[in-house]
Amino acid sequence: MDRYGTDVMAGDWKVPKRGRAVETAGDIGLVVEEVTTDWCGEIVAVDRDLDTLTLEDRRGKRRTFPLGPGFLLEGKPVILTAPLRAGASGPAKPTRTASGSIAVHDAQARVARASRIFVEGRHDAELVEKVWGDDLRIEGVVVEYLGGVDDLADHLVSFKPGPQRKVGVLVDHLVRGSKESRIADAIARGPNGKHVRIVGHPFIDVWQAVKPDRIGLREWPTIPRSIEWKKGVCQHLGWPHRDQADIARAWKHILSKVDSYADLEPALLGRVEELIDFVAGP
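Listed below in structure tokens is the structure:
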């Protein structure tokens, strides 16, 4: 008996013990094992947009895992991919929108409601459109930007909110004691308050609602109050920041890193969903 075991250099030592993983379609009904948790179960659902699959074990319990490597099929390693749709001749249509809602394909945009969602600036409007645009078209909700919240009360006087003309407002830096919070409180107590809902996020600017790691940061930089925030951010990152055209290019770069709600901070997500429900509700 060899007390030290066999010669590790004998044979092809580079080949994994169970063989190399091969790509396999994660078809519904396939029974696989997830290697890091030893969870074994039948594939009962695959989400192509989130790149996940759900396994159900013999007790009926379910657990969701990312598609890809890390599974065993009949004891052999596999890389699970989303299965092709039956009869599909091209790329499968997404099952969810960028906001995570169930996608409604080939649906025409609804005629715009009288109700509106107001946001402070162009960047806010572009971000909302990129992530929630499909939902807004299905609901017939138009987003308009104000160019700042200071004149919100005057905009509401002109708009004349009512039961069928509700207004949702998304405000930057809506924190206790801020100018924005005082404006929101005054409107809520006023004659239009019943048909207006003002919500906000704690960020200085909507740029901060994008997760910082999407542009290679651990966190958004702290900018002194004496420096305009967006220019200060660009300066910190070494980006051009001389004029508004430079700021616009910086925002386009940041926006290009946003593909879905997963790229945004939760503090913004819930607020936008709340406004859509408010203006589109009965």
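For the sequence shown, this note's numbering assigns the number 704 to the initial residue and increments by one for each residue that follows. Backbone N, C-alpha and C define an ideal beta-carbon position, used for all residues, glycine too.
Original post:
Are GLY729 and ALA785 closer than 8 Å when you measure CB to CB?
Top reply: yes
**OP:** State the start and end residues of the unbroken beta strand (DSSP E) segment that holds ILE930.
**Re:** Looking at the DSSP string, ILE930 is not in any beta strand (DSSP E), and its letter there is neither H nor E.
Original post:
Relative to the C-alpha of GLU883, which residue among VAL822, VAL870 and TRP942 is closest?
Top reply: VAL822
Original post:
Using the rule of at least 16 other Cβ atoms within 10 Å of the residue's Cβ for burial, across every protein chain shown, is GLN911 buried or exposed?
Top reply: buried
Original post:
Going by Cα to Cα distance, which pick from ALA748, VAL846, ASP875 and ALA891 is closest to ALA856?
Top reply: ALA891
Original post:
What are the start and end residues of the beta strand (DSSP E) that includes GLU726?
Top reply: Element bounds for GLU726: 725 to 728.
Original post:
When we look at the beta-carbon of ILE731 and count the other beta-carbons within 10 Å, is it buried (16 or more) or exposed?
Top reply: exposed
Subject >> Residue of HIS944, TRP954, ILE886 and ILE907 minimising C-alpha distance to ARG900 >> reply: For the residues HIS944, TRP954, ILE886 and ILE907, the minimum Cα distance to ARG900 belongs to ILE886.
Original post:
So, is GLU847 buried or exposed, given that buried needs 16 or more other C-beta atoms within 10 angstroms?
Top reply: exposed
Original post:
Whose C-alpha, out of SER929, ILE930 and ASP908, is nearest the C-alpha of TRP923?
Top reply: ASP908
**OP:** Just mark PRO969 as buried or exposed, buried being the case when its beta carbon has 16 or more other beta carbons within 10 Å.
**Re:** By the neighbour-count rule (16 or more Cβ atoms within 10 Å), PRO969 is not buried but exposed.
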